[in-house]
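Here's the structure, in structure tokens; my notes come after.
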Amino acid sequence: MKILVVVPAYNEEGCIRGVIEDIREHFPDGDIIVINDGSQDNTSAIAGSLGTRVADLPYNLGIGGAMQAGFLYALQEGYDAVIQFDGDGQHHADQIGKILAPWRSQEADLVVGSRFLSDSGFTSSVQRKIGAKILSFVVSSLTGQRITDTTSGFRVYGRTTLEFFCSVYPEDYPEVEALILAHKKGLKIVEVASEIGPRTGGRSSITSSRAFYYMIKVLLAIFVDLMKKID
Amino acid sequence: MDIVQLISLTVSITIFVVVIELIRRSHLKERYGLIWLAASIVLIIFSLTRSLLHYIARVIGIYYPPAFLFLLAIAFLLVLLLHFSTVISMLSEKNNRIAQEMGILKTRLNDLENKMASGSSATSGEAKR
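Structure (structure tokens):
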């Protein structure tokens, strides 16, 4: 089984080294590709100096476009699964085994690591907590299964999921929408508890003040997705 | 034929000729030119037969016939703008895919170059992937 760890990174020069070393230490079986999404800093050079494969996108496509580049690469190179591992250091590579398990046992086409399923001591602002609750409620109702961490970017994608997401993948803030699309496509989604820490550096694209705007936008996008034709 | 009619006919025919010429010089793709051609033909028809304009306006219930022309023009612009929006969406999607493929290709090229460099310099012949 060939497994590719896709690390989307946009201006993560402070974190990228730690992320790659973490993955190499705890998941030596996987290949790594850093998708440098048009960073203006040294993300690409630092990743390259560590001997990692780096795909430099010519300009910023957003996390959705960057991940899709990873999916394309994985399919072209014949990988069986992709692990999404964000470049900001909030995911821990020692959790990879845990989120791979449902895919290995063929119970899932899409595995989501959830910070809320176990008490991992993850704290965030009130706005974010409320937003996460609302999104979780909406997605759980629509998919008919309980999903606690809809925005988690710590995921495993199996081959059928990769093929599907190569043709359809939302551009910005894709995580929540991807769950709805995957459900509509009939893919099996499994959520597992995983520790997800705070980012080790850099800045999130979603500030607290923008959390509300983010939620409204995602909710709207979900309803558009519900109407979308999927074949 | 009164002056107004003459002016509107001249303008309509000019639009028609300009669009044809743009297509001929490939400054305008046929598929985007068709909608303009259709619009200019409608304009020509209405310039030639003003009675038709008056008739349609009366049937629809528009008391001031030129208002019907404005209605047509607005409808045409709406359709055109919607068409442009779909074209822009399609282009941005294709644009994304090109950027992704380009990133991937550069990576593969790098891999290949590294492989060749280590293959030619390595004495052991064992090149690390």
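Taken in order, these protein sequences are the chains called H and Z.
Using our numbering, you'd call the opening residue of the first sequence number 230 and step up by one each time.
Using our numbering, you'd call the opening residue of the second sequence number -5 and step up by one each time.
Built from N, CA and C at the ideal position, the CB exists for glycine as well.
All of these numbers come straight from a predicted model, not from anything done at the bench.
Residue i: contacting residues in chain H (beta-carbon distance under 7 Å)
i                     : result
residue 109 (chain Z) : Near residue 109 (chain Z) there are no residues of chain H at all, since even the closest Cβ is about 12 Å away, more than 7 Å.
residue -4 (chain Z)  : Per Cβ cutoff of 7 Å: no residues; residue -4 (chain Z) is ~52 Å from chain H at best.
Residue(s) in a DSSP beta bridge with residue i
i                     : result
residue 265 (chain H) : H:238, H:285
residue 313 (chain H) : H:235, H:384
residue 420 (chain H) : H:341
residue 260 (chain H) : H:233
residue 320 (chain H) : H:425
Contact list for residue i against chain Z, beta-carbon separation under 8 Å
i                     : result
residue 294 (chain H) : 90, 93, 94
residue 305 (chain H) : 98
residue 301 (chain H) : 94, 95, 98
Distance CB(residue i)-CB(residue j) smaller than 8 Å
i                     : j                     : result
residue 464 (chain H) : residue 235 (chain H) : Because chain H is modelled from 230 through 460, residue 464 (chain H) falls outside the range shown and cannot be assessed.
residue 381 (chain H) : residue 425 (chain H) : yes
residue 329 (chain H) : residue 390 (chain H) : no
residue 422 (chain H) : residue 343 (chain H) : yes
residue 460 (chain H) : residue 410 (chain H) : no
residue 271 (chain H) : residue 250 (chain H) : no
residue 469 (chain H) : residue 314 (chain H) : This structure does not reach residue 469 (chain H), given that chain H is present from 230 up to 460, and the question cannot be answered.
residue 386 (chain H) : residue 311 (chain H) : yes
residue 232 (chain H) : residue 288 (chain H) : no
residue 101 (chain Z) : residue 248 (chain H) : no
residue 63 (chain Z)  : residue 42 (chain Z)  : no
residue 299 (chain H) : residue 400 (chain H) : no
residue 336 (chain H) : residue 419 (chain H) : yes
residue 360 (chain H) : residue 444 (chain H) : yes
residue 37 (chain Z)  : residue 9 (chain Z)   : yes
residue 447 (chain H) : residue 371 (chain H) : no
residue 416 (chain H) : residue 376 (chain H) : no
residue 279 (chain H) : residue 266 (chain H) : no
residue 27 (chain Z)  : residue 17 (chain Z)  : yes
residue 296 (chain H) : residue 237 (chain H) : yes
residue 33 (chain Z)  : residue 78 (chain Z)  : no
residue 155 (chain Z) : residue 94 (chain Z)  : With chain Z running from -5 to 123 in the structure shown, residue 155 (chain Z) is simply not present.
residue 319 (chain H) : residue 98 (chain Z)  : no
residue 29 (chain Z)  : residue 74 (chain Z)  : yes
residue 240 (chain H) : residue 273 (chain H) : no
Integer-rounded CB distance, given that residue j should sit under 8 Å from residue i
i                     : j                     : result
residue 22 (chain Z)  : residue 13 (chain Z)  : 7 Å
residue 450 (chain H) : residue 357 (chain H) : That belief does not hold up - the Cβ atoms of residue 450 (chain H) and residue 357 (chain H) are roughly 18 Å apart, past 8 Å.
residue 197 (chain H) : residue 345 (chain H) : Chain H is shown from 230 up to 460; residue 197 (chain H) falls before or after that span and cannot be answered.
residue 302 (chain H) : residue 262 (chain H) : 6 Å
residue 291 (chain H) : residue 245 (chain H) : No, residue 291 (chain H) and residue 245 (chain H) are not in contact; Cβ-Cβ is about 18 Å, not under 8 Å.
Contact test: residue i Cβ vs the ligand MN heavy atom, cutoff 7 Å
i                     : result
residue 320 (chain H) : You won't find the ligand MN in this model; it holds no ligand whatsoever.
Proximal residues of chain Z, C-beta to C-beta of residue i below 7 Å
i                     : result
residue 298 (chain H) : 94, 97, 98
Residue i: contacting residues in chain A (beta-carbon distance under 8 Å)
i                    : result
residue 80 (chain Z) : Of the chains in the structure shown, none is chain A; the protein chains are H and Z.
Contact list for residue i against chain H, beta-carbon separation under 8 Å
i                   : result
residue 4 (chain Z) : Chain H residues near residue 4 (chain Z): none, gap ~46 Å exceeds 8 Å.
When you check each C-beta in the region 277 to 291 of chain H against every C-beta of chain Z, which residues fall closer than 7 Å?
-> Flagged, chain order: 282, 283, 284, 285, 286, 287, 288, 290.
Which of the residues in the region 379 to 390 of chain H, read from start to end, lie with their CB under 8 Å from any CB of chain Z?
-> Considering only beta carbons, no part of the region 379 to 390 of chain H lies closer than 8 Å to chain Z.
Near-chain H residues of the region 33 to 60 of chain Z - C-beta to any C-beta below 8 Å = none
Listed from N- to C-terminal order along the chain, which residues in the region 7 to 35 of chain Z have their beta-carbon within a distance smaller than 7 Å of any beta-carbon of chain H?
-> none
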